[in-house]
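Worksheet for the structure shown next.
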Amino acid sequence: MNVELEVTAGQWIAVCGPAELTPGRGVAVLLPDGGQAAVFADRGGRTYAIGNRDPFTGAYVLSRGLVGSTGNGGSPFVASPLLKQRFDLATGACLDDPDPGRSVPVYATRRGQARP
Amino acid sequence: MSTTTETIVLIGHGMVGQRFLEELADRGVTARARVVVLCEEPRPAYDRVHLTSYFSGTSPEELSMLPAGFAERHGIDLYVDDPAVAVDRAARVVTARSGRTFRYDTLVLATGSAPFVPPVPGRDSTGCFVYRTVEDVLAIEAYAKDAATGVVVGGGLLGLEAAGALRGLGLATHIVEFNPRLMALQVDEGGGTALRRTVENMGLVVHTGVGGQEITAGDDGAVTGMVLSDGSTVAADLVIFSAGVRPRDQLAREAGLATGERGGVVVDERCRTEDPAVYAIGECARAADGMVYGLVAPGYEMAAAAADAIATAGDTRAAFRGADTSTKLKLLGVDVASFGDAHGRSAGCLDVVYSDSRSGVYKKLVIGQDGTLLGGVLVGDADAYGLLRPLTGSVPPAAPEQLVLPAGLAPPTALGPSALPDDAVVCNCHNVAKGAIRAAVTEQGCTGVPEVKRCTKAGTGCGSCLKVLGQLVDDELAAGGVAVDTGLCGCFAHTRQELYEIVLALRVTSYRRLLDEHGRPEARGGDGCETCKPAVASIIASLAPAIGADGYVLGGEQAALQDTNDHFLANLQRNGSYSVVPRVPGGEISPEKLIVIGEVARDFGLYTKITGGQRIDLFGARVDQLPAIWTRLVEAGFESGHAYGKALRTVKSCVGSTWCRYGVQDSVRMAIDLELRYRGLRSPHKLKSAVSGCARECAEAMGKDFGVIATANGWNLYVGGNGGATPRHADLLAQDLSDAELVRLIDRFLMFYIRTADRLERTSVWLERIEGGLAHVRDVVVHDSLGICDELETLMAAHVANYRDEWAETLGDPEKLRRFVSFVNAPGAPDPTVRFVAEREQVKPDLTILAGPVLPVRTLEGSSAS
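Keeping their order, the protein sequence lines are chains A and X. As numbered in the working numbering, residues 116 to 231 make up the first sequence, in order. As numbered in the working numbering, residues 169 to 1034 make up the second sequence, in order.
If you want it as structure tokens, here you go:
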């Protein structure tokens, strides 16, 4: 089952095959509008997608952060590889800064049949 | 200057003299009075107690006890190299050697002690020294360069220190002690026997119950040996007298002041002599209890008493009536402590003794008939000193036999600092009671040992109370509801060191297993966090061969644990691009290889810069360019420089004896050997090293985690150095090593560091933090005090044997190469946000692209995004 991401309501794109997504890590995805998303899998195989842009530095690097869940009520987060701020993978909120301007967009994901 | 200004003259600027000045300043006296100090030595007060640390790399400047700007700030006139030569009490005038004269209202004598040199014929020969000042130590070091054998006269505290210094300088060393045992003043017969055995096992020759009869000298007047009182002879090139000290009271005698039968200026409880205008403090004074104290702590108390009397014009309750002579020392690496009635002289007292001559441990407690702890002797294991000394004079809360058992055998409930009463003095040097330490936490809000040290001064003297201090602070914080959590992170309650031991002992090769079986309950089964994942990955990587894990950092589960730098084997930069650093061992590189680096940089449009570690950094590579760049580099014979890892970075070198007219060893070859040996070694933090070919130190080895400096006889190894924000000069670990000895010691040192350091703790911080500090690390890696050196060497041998170049391995594995794409759904497309602009003939990141929230770039289809 490929991993799919919902770009806008009802518009799904294929991201990658299941083996390309290592649990605990992410991959970067180029969106049809030229934007970028970061897609992750946790150790249970559940997938998540957020914007790839780190709002603290402007760099498109969140896909290269490490996934964790401890200290967030068991919900997964990713820590930016640049300055280590953490972002909730389910909500996009920055766990280290309540300013909504520091949150990142969230995309729905699913396991689907579309070709990547 | 106004003639009405009160003038205080201090003669002598040793540790006690300096303390007296600080006590005066604390009481505001320096603000109202003129203070003049006459110092005989060419340098102001320094830490004489730690004089021997000079031989392990502490510089005379580091020993200084005069805070920068102290004299200027308090308006103190300090004259060094200018001792007082006469005191006219009638006129109240002191004359210095320079001819300067000073009128005083108050005179304070702090002239200290002079070493006692027994009247042995030949004692003035060249090569005879005493052991008291920095100048003595410098002279001994210089003379020892041409000496092979040394004799130390005196087997007491100072004698053993001097013997340790000679041994450290590489001399065959004899100790001659008139008493039947070593440290006769402090320890009893059993303790002396244990101490002697340990000292002899280090290769020192001990002669007890004999004195020196004559020192023989050659025609040139230089020492050739010593005849002992039993008729035997010892050939020697150097002799150190350290057979005790005598109070320096001659100036006082000549001024007509009373002195004690065995010397010392007679003073009262306020440290005042019979002349109300003259005080005497420290080792030159005979205190009100008739004793002359040769320890620094009583001297400090006298300094405070005298300062108080002067500040209050005599209206003071501060008094010095006598002092505790308890001591704990580490001599020749052996812990020795004695406290209270160590010799069991009290009427009707009883002994409880634990003795293990195999490990050189001897412990004796002296107990009164009612169970009161009266004193004791600890040799070889003095950990309990911090608790036992404050308990002296009371009935301990545990049976005495439990108090002397080794840690593993004693019942766990035996005794903790919580058992101490509030008035128990925990820090003897600064007279700080347990109650004051508790108050520092509960009332003044200190939340850790460093703050409590600043607040109470506890633990800032000899440091023997630090362990108890730490426990007290933790207990108090815990009682106050402040959680003391030493765990690595929210996932593990264990420290990094504990996790290392778990991984090694249970052969845990998986992060998940470690988290699920050893994590905090709330973290088990989860995804862990970004703190412990790389830390555990590093532990598993550094133990990989020993525990049967794959050492390849991109293999299996390891791939998911690594920070992005390790994940892509390159260093992430601010715009999302990476930099590439090929290994250049020792900084030596051929023209052909330089050309390859230049061509690769040119062909891929990379920015190049020379690093501080004698190699070349290539900046601005996109993730998808990394394999192509490395294909070229590997083809040309380069391998990964591990600039991205918490691992060995570089071993810098100077050109050494091959080219340099001053070089004494081939530093380049050694640097290359070391870099190739330790390349790829995963550690708690990055490791840097350097090798200098002579004492000029052009490779800056003293600023490295492990630095090597060539000597005429081999290599000196320094450890724990650092540059950066908190620079630290490295400490000398061992001297004049052969190539093989050097490598073996570094093997052990690095593996011991990897085993015991905290996450992201550089060797400099680790060395300061680890209990026992440098001395402990030296014991472990040089003297194998824990018996683990075989294991440490085996682990390093396994690392060396299993090293593989990560980049060559990655290039050979198509599966691994698949991750080197900018976009998983568009493997050929470059990341449009990684762009560059020109600067000074090269490129730099175009940060304007990153500044805005919206991305003005072309889409996959080629149409413009909004």
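Ideal Cβ placement from N, Cα and C applies to all residues, glycine included.
| Check | Outcome |
| --- | --- |
| CA nearest to the CA of Pro1000 of chain X, picked from A:Thr224, A:Ala174 and A:Leu198 | A:Ala174 |
| Buried or exposed (CB count within 10 angstroms, at least 16 for buried), Lys602 of chain X | buried |
| Cutoff 8 Å: Gly360 of chain X Cβ touching any chain A Cβ | no |
| Asp999 of chain X at chain A interface by Cβ criterion, 8 Å | yes |
| Close beta carbons around Ala282 of chain X, own chain, < 7 Å, minus the five adjacent residues each side | Val413, Arg414 and Arg416 |
| Buried versus exposed, by CB contacts within 10 Å (16 or more), Gly766 of chain X | exposed |
| Residue closest to Val594 of chain X, alpha-carbon to alpha-carbon, out of X:Cys633, X:Glu611 and X:Ala587 | X:Cys633 |
| 7 Å Cβ shell around Thr677 of chain X - same chain, five flanking residues per side excluded | Ile708, Ile715, Gly716 and Ala717 |
| Residues that Met394 of chain X bridges to, as DSSP identifies them | X:Ile383 and X:Val402 |
| Neighbour list for Cys131 of chain A in chain X, Cβ cutoff strictly below 7 Å | Val992 and Asn993 |
| Uninterrupted alpha helix (DSSP H) stretches inside the segment 762-840 of chain X (no shorter than 4 residues) | 794-803 |
| Distance between beta carbons of Ala815 of chain X and Leu849 of chain X, contact taken as under 8 Å | 6 Å |
| Nearest neighbour of Pro585 of chain X, chosen from X:Thr610, X:Leu637 and X:Leu546 [CA to CA] | X:Leu637 |
| Cβ distance (whole Å) where Leu913 of chain X is taken to contact Ala902 of chain X below 8 Å | 6 Å |
| Selected residue, minimal CA-CA separation from Phe988 of chain X, among X:Cys207, X:Thr826 and X:Ala789 | X:Ala789 |
| Chain X contacts made by the segment 142-160 of chain A, where a contact means CB separation under 9 Å | Val142, Ala143, Val144, Leu145, Leu146, Pro147, Asp148, Gly149, Gly150, Gln151, Val154, Asp157, Arg158 and Gly159 |
| Inter-residue Cα distance where the pair is Ile244 of chain X and Gly267 of chain X | 19 Å |
| Sheet register partners of Val989 of chain X (DSSP bridge) | Looking at the DSSP assignment, Val989 of chain X forms no beta bridge with any residue, so it has no partner. |
| Nearest-angstrom beta carbon gap, Leu960 of chain X and Phe920 of chain X [assumed within contact, 8 Å] | 6 Å |
| Distance between Cys659 of chain X and Ile938 of chain X (C-alpha atoms, nearest Å) | 24 Å |
| Reference Phe238 of chain X, options X:Ala193, X:Gly280, X:Asp215 and X:Leu277, closest by Cα | X:Ala193 |
| Cross-chain neighbours of Lys1012 of chain X in chain A, by beta carbon under 7 Å | In chain order: nothing, as chain A lies at least about 15 Å away. |
| Classification of Pro580 of chain X by the beta-carbon crowding that lies within 10 angstroms, buried from 16 upward | In this prediction, Pro580 of chain X has a pLDDT of 46, which is less than 50 and means its spatial position is unreliable; nothing more can be read from the coordinates. |
| For Leu900 of chain X, the three-state DSSP class (helix, strand or coil) | strand |
| Residue from X:Asp503, X:His242, X:Arg1003 and X:Tyr468 whose Cα sits closest to the Cα of Phe188 of chain X | X:Tyr468 |
| For Val261 of chain X, the residue or residues it bridges with in DSSP | X:Asp256 and X:Arg271 |
| Lys701 of chain X: contacting residues in chain A (beta-carbon distance under 8 Å) | Gly139, Leu181 and Gly183 |
| Spatially closest choice to Arg680 of chain X from X:Gly696, X:Ala673 and X:Leu672, by CA coordinates | X:Gly696 |
| Element boundaries [beta strand (DSSP E), containing Gln1010 of chain X] | Gln1010 to Pro1013 |
| Sufficient close CB pairs (3 or more, under 8 Å) joining the segment 367-384 of chain X to the segment 313-328 of chain X | yes |
| Bounding residues of the alpha helix (DSSP H) (the contiguous stretch that carries Ile914 of chain X) | Asp907 to Thr924 |
| Cβ shell of Glu229 of chain X (< 6 Å), same chain only, five flanking positions each side left out | none |
| Beta-carbon proximity list for Ser835 of chain X, same chain, < 7 Å, skipping 5 on both sides | Ser821, Cys822, Gly824, Val859, Ser860, Gly861, Ala867 and Ala878 |
| Member of A:Asn187, A:Leu197, A:Ala164 and A:Glu135 whose CA lies at the smallest distance from the CA of Pro170 of chain A | A:Leu197 |
| Alpha-carbon spacing of Val620 of chain X relative to Tyr553 of chain X, whole angstroms | 20 Å |
| Neighbour-count burial assignment, Tyr272 of chain X, 16 or more Cβ in a 10 Å radius | buried |
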